[in-house]
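Asks: In my numbering, the protein residues as written are 99 to 963. Heads up, the beta-carbon is just placed ideally off N, CA and C, and yes, glycines get one too.
So, in structure tokens, the structure goes:
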């Protein structure tokens, strides 16, 4: 239905050039050469000895061994052009990893302008390269020349900087493959559960840079062959393999005996790898990871309830749900879902096991049952990728409690095929899809972008899609060091502070679940809110008596390279807890199927075939489904705007970034949340970044940006930008705001889709940005740190003020959107972007902001015509 005050559209933009900025930071103070020789000399000696030992072992028995090793150079400060320097001596460049917030020491530190040491934290970098005997010999020759003070040969002078600023030079070891990935914890739990069973794993292989495809493929075949040999030599099994060249992904899944897995734990005790199984010493392997893909569970018991709503239209679906198989016979879902199940996953389900896909479908189509909203006007497209965990089915025939992607399949493969089949081939399954819901998580994000996130970024770019992805749930116990009786007597404010302090002290355990770190997606966290009207029972405890903060189970940011993630919070239900009587202040999740929570459709848990049951559930999956629902409703708004003057900027390329921009545009930091977070997060330069971990860009309200009000005008722009181009927009100002002290707020949100480069440390190829025009309206930046807002693919700026400002009738705010290659990269393709700009005042001010902006834009449209 058309609004009385629809969103407005910029009539045009001015083509401009982006402003040039300087970029490279200075290196920190480094120790003198003699100190570096003392430090690095023994490291080079160990490197040489290790390589010689491995070379002899390879000559004796090459089964399961790879003839090269990965060289690791860790520096303080960031030195550019390692790729060229490495290739110059025959090292195969593999990549670079940025290090942040490193403590200064007696050797490496920054100097102030007076030449005095400061305690400013350092940046650093890991440089990785595949090295054979010849390349190592060349490196050692350069090191000897450096030690003797001899000039390095032409083309190798960059090594002078590496040797001067190197903190560590070593090989990529079994420790790197096994520690910090979660595999040892996973195996320890598996061994505890069943000491005689095979333990599962997945290995990701190095993806080398080669001069041509045939050379790379031959190299990869050799890599995979040696890894297969090592697994078989360990009496293991290979269950699946995958290679997707577009995202530099090459991996295998397998199982090995417990006796072999036991040797892996030696890396926790010693640097000596001689006692390790050959598999863990294989240099073709980058890392070992647990197999825990898309494990989801919802309460089983359900109750009957009547769902009503008008029938959907015949318009094709624009939303795709990649999830478990939905119970399509349910009254709430019947005739509202287009199913596509080429893998025949239906055959693996009992009806009562169709929980997660049913709940997500219900939330996307209807919202929360207690909110009493009308359903979406279109069907949704469902492509099942989960299946019941058959090992979780009880012997007596009860339903499996969990749905997952099994160990003989890759999540990346199922998602890749699902998306490609929608758009490719003679009979694409869903070519009109614009929005994809993925409420499934994997492993905690650990600094490097995951293969799943890389895949989604590439698919979003290739097919111009908006993926809505969940931040992930943290279901571990929460220890507040205060018993239930004492907790009940403290104020709500102290309860909130107690929980937030716990989160602040356990940030490492609350990291996003992959693929939530992906750049081209909208990552969604859960707000501690729902519309259920049943009062909670007395026994469970609400650890967070506030609806202005993330749920206690919602995982926190940041994302890759400190990007703001999750971008938004949406209601994910109020999660209650139970006090553990045997503990000293610990609380566990109350896994209830009754309110509070979000009411959704559910299969009958008894398997009778009833089609009218529901449950209450909670989590970031729910919040993500509501984000998808909000995007679907905004799509209908954009479709209506296409028919207006200027609406041709809304097209196949720009729809996804416009939807992302609009949803984030509706987000804000609640004052209540900001005030209490300031008491928990240390003050200083990075306090805003600390708050963004919890809030992202804020609590979103997508319905708010479906239309304007008399005192609020939202104007949209969209287009395609080439590298080093800029588009400049003019936002007309209501003259009534001149020479007043009326409070006003300016919100500018820019979102875009970027091509990615998996081989480059910054990954993102295209950086778009703008500088907020704050002076004309005398505004000040609010909320997120301005530098952090430029780390991802959405820049959201909120500016407020009420100082007197003076301007002339006809003046405008100028907003220049500039495109550049990120950190020295280049891109050939045009970058699609979406822009939303809102100016608002309080309702009581009576300033007709919407009408004035609409009038002036109409004049410009007429002029441009």
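1. Quick one: Cα of residue 965 to Cα of residue 661, how far?
2. Nearest to residue 659 by CA position, among 936, 210, 779, 548, is which residue?
3. Just verifying my parser: in three-state terms, what is the DSSP assignment at residue 494?
4. Could you tell me whether the Cβ atoms of residue 629 and residue 469 are closer together than 8 Å?
5. Suppose the cutoff is 8 Å on Cβ atoms and the five residues either side in sequence are ignored; what does the same chain contact list for residue 127 look like?
6. Roughly how many angstroms separate the alpha carbons of residue 657 and residue 606, rounded to a whole number?
7. If you follow the beta strand (DSSP E) that residue 349 is part of, which residue opens it and which one closes it?
8. From the DSSP output, in three-state form, read off residue 567 for me.
9. DSSP beta-bridge partners for residue 225?
10. Tell me which residue opens and which closes the beta strand (DSSP E) that residue 337 is part of.
11. Exposed or buried, residue 451, counting other C-beta atoms within 10 Å across all chains shown (16 or more means buried)?
12. Alpha carbon to alpha carbon, what distance is there between residue 574 and residue 368?
13. So is the beta-carbon of residue 859 under 7 Å away from any non-hydrogen atom of the ligand MG?
14. Taking buried to mean at least 16 other C-beta atoms within 10 Å of its own C-beta, is residue 494 buried or exposed?
15. Using only the alpha-carbon positions, how far apart do residue 952 and residue 864 sit?
16. Would you be able to state if there are at least three C-beta pairs under 8 Å between the stretch 788-800 and the stretch 756-765?
17. What does the alpha-carbon distance come out to for the pair residue 963 and residue 691?
18. If you count every other CB in all the chains shown that lies within 10 Å of the CB of residue 717, and 16 or more means buried, which is it?
19. Please go through the stretch 251-334 and give each complete alpha helix (DSSP H) segment of 4 or more residues, from N-terminal end onward.
20. Please list, in chain order, all residues of the same chain as residue 231 whose beta carbon is under 8 Å from its beta carbon, the five residues on each side excluded.
21. Relative to the C-alpha of residue 474, which candidate in 172, 434, 557 has its C-alpha closest?
22. Kindly indicate if chain C contains any beta-carbon less than 8 Å away from that of residue 235.
23. By Cβ distance, which residues of its chain are closer than 6 Å to residue 265, with the 5 residues on each side in sequence left out?
24. At 4 residues or longer, and completely inside the stretch 811-865: list those alpha helix (DSSP H) runs for me, N to C.
25. Among 619, 826, 315, which residue has its Cα nearest to the Cα of residue 534?
26. Between the alpha carbons of residue 841 and residue 916, how many angstroms are there, rounded?
27. Are residue 419 and residue 458 touching if we call contact CB-CB under 8 Å?
28. Am I right that residue 299 and residue 336 are in contact with their C-beta atoms under 8 Å? What's the rounded C-beta distance?
29. Please name the residue in 954, 829, 338 whose C-alpha comes closest to that of residue 508.
30. Whose C-alpha, out of 386, 881, 614, is nearest the C-alpha of residue 769?
31. Buried or exposed: where does residue 241 fall if 16 or more other Cβ atoms within 10 Å of its Cβ makes it buried?
32. On the premise that residue 383 lies in contact with residue 301, defined as a C-beta separation below 8 Å, what is that separation, rounded to the nearest angstrom?
33. Shortest alpha-carbon distance to residue 833 belongs to which of 904, 866, 896, 804?
34. To test your reading of the DSSP string, which unbroken alpha helix (DSSP H) runs of 4 or more residues are found completely within the stretch 447-535?
35. With a threshold of 16 other CB atoms inside 10 Å of the CB of residue 883, please say whether the residue is buried or exposed.
36. Can you tell me which residues form a DSSP beta bridge with residue 386?
Replies: So, from the listed chains and residues:
1. Nothing can be reported for residue 965: it is not among the residues displayed for the chain, which extend from 99 to 963.
2. If we check each option's Cα against that of residue 659, 548 comes out closest.
3. Reliability fails at residue 494, whose pLDDT of 42 lies under 50, so the model's placement of it is uncertain and the value that follows must be treated cautiously. Note: residue 494 maps to coil in three-state DSSP.
4. Yes, these two residues count as a Cβ contact at 8 Å.
5. Scanning its chain for C-beta atoms nearer than 8 Å, with the 5 sequence neighbours on each side dropped, one finds around residue 127 the residues 206, 207, 208, 209, 215, in chain order.
6. Rounded to whole angstroms, residue 657 to residue 606 spans 13 Å at the Cα level.
7. Unbroken beta strand (DSSP E) run through residue 349: 347-354.
8. DSSP places residue 567 within a strand segment (E or B) once states are collapsed to three.
9. Paired residues: 171, 194.
10. Segment 335-342, the beta strand (DSSP E) holding residue 337.
11. Answer is buried; the Cβ neighbour count reaches 16.
12. One Cα belongs to residue 368, the other to residue 574, and the distance between them is close to 31 Å.
13. Looking at this structure, you won't find the ligand MG or any other ligand, since it has none at all.
14. At residue 494 the pLDDT is 42, less than 50, meaning the model places this residue with poor confidence; the figure from the coordinates comes in the next sentence. By the neighbour-count rule (16 or more Cβ atoms within 10 Å), residue 494 is not buried but exposed.
15. Rounded to whole angstroms, residue 952 to residue 864 spans 33 Å at the Cα level.
16. Counting Cβ pairs under 8 Å, three or more are found: they touch.
17. Interpretation of residue 963 is limited by its pLDDT of 45, a score under 50 that renders its predicted location unreliable; no figure is taken from the coordinates.
18. Around the beta carbon of residue 717, a 10 Å sphere encloses 16 or more other beta carbons of the protein chains shown; the residue is thus reported as buried.
19. Entirely contained in the stretch 251-334, the alpha helix (DSSP H) runs reaching 4 residues are, in chain order, 256-263, 272-276, 281-291, 311-331.
20. Closer than 8 Å at Cβ, skipping near neighbours: 149, 153.
21. Checked all of 172, 434, 557; the closest Cα to residue 474 is 434.
22. This model lacks chain C altogether, as it is built from one protein chain only.
23. 172, 174.
24. You should have found no qualifying run.
25. For residue 534, the nearest C-alpha among the options comes from 619.
26. Looking at the two C-alpha atoms, the distance is approximately 29 Å.
27. The answer is yes: Cβ separation under 8 Å.
28. The C-beta separation of residue 299 from residue 336 comes to about 11 Å, leaving the pair out of contact by the 8 Å criterion.
29. Ranking 954, 829, 338 by Cα distance to residue 508 puts 338 first.
30. Ranking 386, 881, 614 by Cα distance to residue 769 puts 881 first.
31. Buried, by the Cβ-count rule.
32. Taking the Cβ atoms as the reference, residue 301 lies roughly 5 Å from residue 383, within the contact range of under 8 Å.
33. For residue 833, the nearest C-alpha among the options comes from 904.
34. Complete alpha helix (DSSP H) runs here, min 4: 454-464, 509-521.
35. Buried, because 16 or more other Cβ atoms sit within 10 Å of the Cβ of residue 883.
36. Bridge partners of residue 386: 301.
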